[in-house]
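Undergrad:
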Amino acid sequence: MKLLALLASLLVISACWFGFANGQACPYGQSGLVDFSSLSNYTVAESAIVITSGQKVLIKTSPPVKYGSITVQSGGSLIFDNKFMNINVNHIRVEGNASFIMGSTSCPIYKKITITFYGPRSTENTLGTDPYDNANLGNKGIAFLTGATVQVVGQLINDKAWTRLNATALKNTSSITLKESVTGMWSVGDDILLTSTDYGEVVDFKIMNDTSRNWQRGVAFPDQNEKATIKAISADGLTLTLESPLNFTHVGKDYTFSEVALLTRRIVFKGDDSSDASSFGSHLIVRLVKQFQFVGVELRNVGQKGLMGRYGLHLHLLKDTSKQISTQFMIANNAIWNSYQRCIVIHDSRNILVKNNICFNITGHAFYLEDGSEFGNEFRNNLGVKVNPVGDADQLQIIPSDCDASVYWITNPNNTFIGNVAVGGKFGFWLSFPVFPVGMSATIYAGQDFNPRRTAMAPFEDNVAHSSITGLWIDEMLLSDGTLETEGYYPLNGSASFFRFTAYKNRDYGAWVKGGVLYLENFLAFDNNVQITAPKGPTITRNSIMIGETSNVGDSSFRSKVDVGGRTRPQLYASDELIIRGYEVYEDDGPQLLYNCTFINFIPDAYKASGAVSHRSRKQLESAVNKLFGLTFINSNKFYALNNTPYDNQRMGIWADLDGSISGFPSGGWIVGQDPLNAFSGCVSNSDWSAYGCPATGEMFVQLRVGNNEFTTYNTTSSKGVAQPELKNANIITPRMYVVDQLRNIQGPSNGSPGGNDNTWVIQYNLLNRGFYGLRWPNDHPTPRDLSVSLKNAVNYDWIVLAIQYPNKTDFKITWSESGSSNTYPVTWASSLAEVMVSPNELAYYNQTTEHLYVKLQNRVPRDDFENVYPFSDYHSVGLIRIVATCPNNNCAPSKFGNPTSSKLVYNTLMKEDRFVGNLEVCQQKAVNSSLIGSNGSGKVFAFWDFKAKLLDFTVFHNLNLIATEISVGIGAVGTQERIIHPGLDNPISPYGVSRFLLDLSYQEQVALLKGQMFVKLSTTQNPTGHLRAQLYCSNSTTSTCALPPPIANATDSCVNYGTFGNAFFTDNLNSFSTVTGNGDASYEVNGEGGLCGNAIKMIMGSGDVYLERTNGLSGAAYSHFEFFVRVSDNYGPLNISVTAFGKQVIVKKEHVLNYKIDNTTARVRIPISEFTTSSFSLKKLRFSLTEPSTILRTFHVDTIQVVKSDDLMIPGMASSEFSYFGKVATCGSSLNPDYDPLTIKK
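Sequence positions in the sequence shown follow mature numbering (1 follows the signal peptide of the UniProt record, and there is no 0) and run -23 to -1, 1 to 1220.
#1: Measuring straight from C-alpha to C-alpha, what distance separates residue 404 and residue 467?
#2: Any idea what DSSP makes of residue 242, helix, strand or coil?
#3: Tell me whether the stretch 367 to 387 and the stretch 420 to 432 touch, counting them as touching only if at least three CB pairs, one residue from each stretch, are closer than 8 angstroms.
#4: Is the distance from the Cβ of residue 448 to the Cβ of residue 419 below 8 angstroms?
#5: With a cut-off of 8 angstroms, do at least 3 Cβ pairs link the stretch 122 to 130 to the stretch 262 to 269?
#6: For residue 741, is the classification buried or exposed, using 16 other Cβ atoms within 10 angstroms of its Cβ as the cut-off for buried?
#7: Quick check on this structure: which residue in 368, 302, 369, 390 has the alpha carbon closest to the alpha carbon of residue 345?
#8: Please state the DSSP three-state secondary structure of residue 790.
#9: Tell me the start and end of each unbroken beta strand (DSSP E) in the stretch 641 to 697 that is at least 3 residues and wholly inside, in chain order.
#10: Give the secondary structure of residue 13 by DSSP, where H, G and I count as helix, E and B as strand, and everything else as coil.
#11: Is DSSP giving residue 905 helix, strand or coil here?
#12: Starting from residue 1177 and walking both ways along the beta strand (DSSP E), at which residues does that stretch end?
#13: Beta carbon of residue 93, beta carbon of residue 67: below 8 angstroms?
#14: Count Cβ pairs between the stretch 146 to 163 and the stretch 90 to 104 that sit closer than 8 angstroms; are there 3 or more?
#15: Does residue 420 come out as helix, strand or coil in the three-state DSSP assignment?
#16: Taking just the CA atoms, how far does residue 951 sit from residue 897?
#17: Pick helix, strand or coil for residue 832, following the three-state DSSP scheme.
#18: Under three-state DSSP, which class holds residue 575?
#19: Measuring alpha carbon to alpha carbon, tell me which residue in 324, 298, 301, 273 is nearest residue 286.
#20: Output yes or no for whether 8 angstroms exceeds the beta carbon distance between residue 838 and residue 854.
#21: Kindly indicate which three-state DSSP category residue 192 falls into: helix, strand or coil?
#22: Quick one: measure Cβ to Cβ for residue 331 and residue 308, integer angstroms, because I've assumed they're closer than 8 angstroms.
#23: Hey, how far is the Cα of residue -23 from the Cα of residue 133?
#24: Cβ atoms of residue 1131 and residue 1173: under 8 angstroms apart, would you say?
#25: Let me know if residue 413 comes out buried or exposed under the rule of 16 or more other beta-carbons within 10 Å of its beta-carbon.
#26: Mapping DSSP to helix, strand and coil, what is residue 715?
#27: Here's a check: name, in chain order, each residue in its chain whose Cβ is nearer than 6 angstroms to the Cβ of residue 669, leaving out the five neighbours to either side.
#28: Whole angstroms are fine: how far does the CA of residue 146 sit from the CA of residue 476?
#29: Buried or exposed for residue 865, going by 16 or more other Cβ atoms inside 10 Å?
#30: Should the stretch 575 to 593 be called in touch with the stretch 220 to 238, which here means at least 3 C-beta pairs below 8 angstroms?
#31: Let me make sure I understand the geometry here. Which of 1190, 616, 774 has the alpha-carbon closest to that of residue 1026?
#32: Can you tell me whether DSSP reads residue 900 as helix, strand or coil?
#33: Short of 7 angstroms in beta carbon distance, which residues of its chain neighbour residue 1217, apart from the five on each side in sequence? Order them along the chain.
#34: Could you please give the first and the last residue of the uninterrupted beta strand (DSSP E) stretch that includes residue 7?
#35: Pick out the complete beta strand (DSSP E) segments inside the stretch 1116 to 1175, 3 residues or longer, and give them in chain order.
#36: Since residue 882 is in the alpha helix (DSSP H), which residue starts that stretch and which ends it?
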């Protein structure tokens, strides 16, 4: 039977062969070829065979001896016949303009040809050098020099180098079923490889002592990749019978399918039998050749461990020799196994096609992009199995990262990886991008702008990693000296995407993807310890499936004390705590964004804890900017917060749950940890999560960062005189600071983590925004003398107030700066806390009675300092205050430790804010537009009115992120829309939840807000003119009422001068002016288009200005104010202008404008003359310009320019009886007030 099967296979191969050869000349069939046996020294052992220029030599039989070398000189050719041959040689050298031909794509070699390279370990350079650049070529191998032509094509297997099982193959059985037919391509007697479908190998910790390989040490677990030999093939090519029973079970069902690879080829390049003992096999090096086709070859016992550049298959410095991806430069359908150093190496070479290759049992990284200068290469459908690390204790280690060997080592993102599989190693795919090419390329490209770490990502799709430690690892980036730094990938073009990655049975992570902006699309991760984590950010994981445990239970018989409960476990030791997690939130940074993902089988039991969404146990604190929505849970505990750990992270985790997927609040909510300062009334504790689900809040969360800049030297003696040296020991985890919520009279501890140097300790705390907090120290030890305090994860205008105790007579040096800036500015002293409240960052106040220093931290980034990362928004925060205190007797302990007194009363007195709320509902928008499509979606709107700054601070939650297009604010009573308020060019509003933005309100708009005539509207792709609407009302969840607006001047738009008439600068024409010019891009004209009555000056400007000069000066000595009327005449929103008068430029502020802002309604601007001058009162010259130059030309009208006496009659703008409170007005939707007042500010 075996003979018949073999004959059948040969007949199929022969049929394929004759089909290819028909009508096409084979390389070995051409006339005039010189017989290799006729060459000089043919029968001389250890001799040097030379093929000279002009010779075309055909080798068609096995030589009788082994040779020292075969050299094909320039102009010569070595051509192989399609016959069985064995050739033994130390090395083969193919020089420039020479050719090395073994078959072709139309005439592949299907007879067994084996070239064995012999020789002991040696550093001798017997292959010589490449004249192109004098590169040494080494020993024991084959070298193709610059200008050579290489054409090696073994039997064509139609890309069936590997396939997958179609059914589970149980151990001790001898038959396997394949997904694809291998008829005519695989043969009886061929060696095959079945990959493990269990966790990867663990080396017995009692035997292997190299601590650099701790990731692989533990209670022993076998490598379950195994080699087998085909005994028979079914007629349909789908069932293989093996020579021997399988040693392990290989799964082929559900989500898991073992790869089955063909290791045998008809062309074989291999090292001799001595190679294994010396780890010194043959090597193959390719230089700048004219063509390199290398197809269907078996490379075995290759690579020379410990010698740089001596790899299984090495393309060395081809640069852009290959101009584009083609079959002319192709490495395909090869099997490279038992390599002592690398598998396929691409070194400073581009546009190489690497497809359908097998790499098995490789030492060090297998598929290897060497320097980071490699780009434009394509890796398709390759299979790498079992890579062996080279530990730090190994004298033959050539680069440090080989101790963490990966199957694919990728140093430049501009290389395509599609359909590749990695099995084993520490990392399946390791993306480690340097900021500049390393190694030889560092010299080659010196001075050039070449940053792989910022380069755009080529396609990375449909790749698979299993049985490793981590399947996909984007971290530990390559440095110039070959070492690594903890850093991520941040593409300069804005984002990179990874599609349809599959990871399973990895002992640590399915995927660890660090950087931003990175999209993880359609991932499938299962049976890993942690399925996915995406640190730093922004990272977006979407449309993915994560499964805690599948039906693949593995073989638990090998480690009965570790692999408990009838399935194998990812731990290395039985003592390791097991928590199976779906998506793991990384500590610090962010945002990490997660949506439209499905979680299956994350159920805690007697053997493990488990949660679909969880986090790491680390000293660093989790960010407060992470968001999720659209999650589906099947048989899963939705969330798991680590408990009973000494770290901060598990207590203070914060997630914005935009649609209630986890929290249960469908219009938006939070998942927060067990820290006492994070939960508030309305939160629901969940013991399965070890966390709370909380409703949406307007306050949001921010992260306070406190840096102790004298960590190793600060005074830790308690108020009772007890030394606390443990507080200065970075290795001890203990509370080092307490944050006191002064409004709720509760406190929580924080441990912190090392900062940027040994003498800095950073303490982080996630807090509710807009709060009043105090800092206290363990057992009331003195305040550290050098502190830095800042807000992170904050949005423009977010703030908190801090109170820190210092003794009287402390000498302070307090400065503030923007984050990352070396420029610092002095913080000056305020006479009261009230002043600090209105001048954040710039003022500080010290209360001598309670010995508290007060500072107000506020994020002061521009309003447009955020980016939309569909379908989320990422807001930026900056700013830091540093407090350096010189205290009496060098001791910064107050005379009496304590918290500020009457904190809530003081806070409510000084805060000067009112709260407004609304429910985003479909029914409210339907009252305006009855033709609304659909009825889905909801949200919450919170707005804080700062009546000192005339600002409305919005927080908008909604659950329509995927279709959201615009959030707008308008004026109109219930069921009406009068107008939309334009936010301004420098104040864009993100449509994605949680959306945060500020809006400057005019006086009339404030009145409309108080009357319940302001609304927020969300538009979507489904309803472009409005989908959800929320009418805003003063929140009545409190005992206090909203405040009346201040009285307003009884001034109306008119052509009559206001106040006591003095001198008019301009009323109707420019007859009295000697000069009127538009400078730069500015222009003007006088017309009646924008006049109050008569004409006005129409001005158009961007970066220019309009200059006016009267023939005679205008005296302002008898008058107190300079005023004019202005109206915006374009659609770009509010206008910010400057006026130069009396020789001085003044920026028009809100308090100058009767209506608070200059918009498309006529506004009076009145500026005290004292702001211009206190001596010269002659007004002759006047200049109008934009406050900030703009590339967009603004159009506005100016009228009735004059000086006046201020004798305005002030009248109330409205009565308190006109206020509209939530719940007091009939509504079509929910009557539940969404304002939970989490800080109990008004209660």
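Note that the Cβ used here is the ideal one computed from N, Cα and C, for glycine as well.
TA: Answer, in terms of the structure:
#1: As a working mapping, residue 404 is identified with position 427 in the sequence shown. As a working mapping, residue 467 is identified with position 490 in the sequence shown. Roughly 20 angstroms separates the two Cα atoms.
#2: On the sequence shown, position 265 is the one that residue 242 refers to. Three-state result, residue 242: coil.
#3: no
#4: Here the question's residue 448 lines up with position 471 in the sequence shown. Here the question's residue 419 lines up with position 442 in the sequence shown. No, they are not a contact pair.
#5: yes
#6: Position 764 of the sequence shown, counted from the first residue, corresponds to residue 741. The residue is buried, with at least 16 neighbouring Cβ atoms inside 10 Å.
#7: Walking along the sequence shown from the start, residue 345 turns up at place 368. That would be 390, whose Cα lies nearest to the Cα of residue 345.
#8: Within the sequence shown, residue 790 is the residue found at index 813, counting from 1. Residue 790: strand per DSSP, three-state reduction.
#9: 646 to 649, 661 to 663, 668 to 672, 678 to 685
#10: Here residue 13 is taken as the residue at index 36 of the sequence shown, counted from 1. Correct three-state label for residue 13: helix.
#11: Within the sequence shown, the letter at position 928 stands for residue 905. Coil.
#12: Residue mapping note: residue 1177 aligns to position 1200 of the sequence shown, counting from 1. 1171 to 1181 is the span of the beta strand (DSSP E), which, as asked, contains residue 1177.
#13: The residue you call residue 93 lines up with position 116 of the sequence shown. The residue you call residue 67 lines up with position 90 of the sequence shown. Cβ atoms of residue 93 and residue 67: not closer than 8 angstroms.
#14: no
#15: For the purposes of this step, residue 420 is taken as residue 443 along the sequence shown, with counting starting at 1. Reduced to three states, the DSSP call for residue 420 is helix.
#16: Within the sequence shown, numbered from 1, the residue matching residue 897 stands at position 920. Within the sequence shown, numbered from 1, the residue matching residue 951 stands at position 974. Between residue 897 and residue 951, the C-alpha separation is close to 13 angstroms.
#17: As a first step, residue 832 must be located in the sequence shown, where it is residue number 855. Residue 832 falls in the strand class under three-state DSSP.
#18: Here residue 575 refers to the residue found at position 598 of the sequence shown. Looking at residue 575 - three-state DSSP - the assignment turns out to be strand.
#19: For the purposes of this step, residue 286 is identified with residue 309 of the sequence shown, where counting begins at 1. Considering only alpha carbons, the answer is 324.
#20: Here residue 838 refers to the residue found at position 861 when the sequence shown is read from its first residue. Here residue 854 refers to the residue found at position 877 when the sequence shown is read from its first residue. Yes; because the gap between Cβ atoms is below 8 angstroms, this pair is in contact.
#21: For the purposes of this step, residue 192 is taken as residue 215 along the sequence shown, with counting starting at 1. Here residue 192 sits in helix by DSSP.
#22: Here residue 331 is taken as the residue at index 354 of the sequence shown, counted from 1. Here residue 308 is taken as the residue at index 331 of the sequence shown, counted from 1. Their Cβ separation, rounded to whole angstroms, is 5 angstroms, which keeps residue 331 and residue 308 in contact under 8 angstroms.
#23: To locate residue -23, count along the sequence shown from 1; it is residue 1. To locate residue 133, count along the sequence shown from 1; it is residue 156. For residue -23, the predicted structure reports a pLDDT of 40, less than 50, and the residue's modelled location is therefore unreliable. The matter cannot be settled from this model.
#24: As a working mapping, residue 1173 is identified with position 1196 in the sequence shown. As a working mapping, residue 1131 is identified with position 1154 in the sequence shown. Against a cut-off of 8 angstroms, the Cβ pair of residue 1131 and residue 1173 comes out as no contact.
#25: Along the sequence shown, read from residue 1 onward, the residue named residue 413 stands at position 436. Flag for residue 413 reads buried.
#26: Along the sequence shown, read from residue 1 onward, the residue named residue 715 stands at position 738. The answer is strand: DSSP assigns residue 715 an E or B state.
#27: Here residue 669 corresponds to residue number 692 of the sequence shown, with the count starting at 1. Same-chain partners within the cutoff: 649, 656, 660, 662.
#28: Taking the first residue of the sequence shown as position 1, residue 476 is located at position 499. Taking the first residue of the sequence shown as position 1, residue 146 is located at position 169. Distance between the alpha carbons of residue 476 and residue 146 is about 30 angstroms.
#29: Position 888 of the sequence shown, counting from 1, holds the residue named residue 865. Residue 865 comes out exposed.
#30: no
#31: Against the sequence shown, residue 1026 aligns to sequence position 1049. Answer by Cα proximity: 1190.
#32: Walking along the sequence shown from the start, residue 900 turns up at place 923. If DSSP states are grouped into helix, strand and coil, residue 900 belongs with the helices.
#33: Position 1240 of the sequence shown, counted from the first residue, corresponds to residue 1217. Hits under 7 angstroms: 720, 721.
#34: One-based indexing of the sequence shown puts residue 7 at position 30. Residue 7 -> no beta strand (DSSP E), and no H or E assigned at all.
#35: 1121 to 1124, 1140 to 1145, 1155 to 1163
#36: Here residue 882 refers to the residue found at position 905 of the sequence shown. Here the alpha helix (DSSP H) through residue 882 covers 880 to 888.
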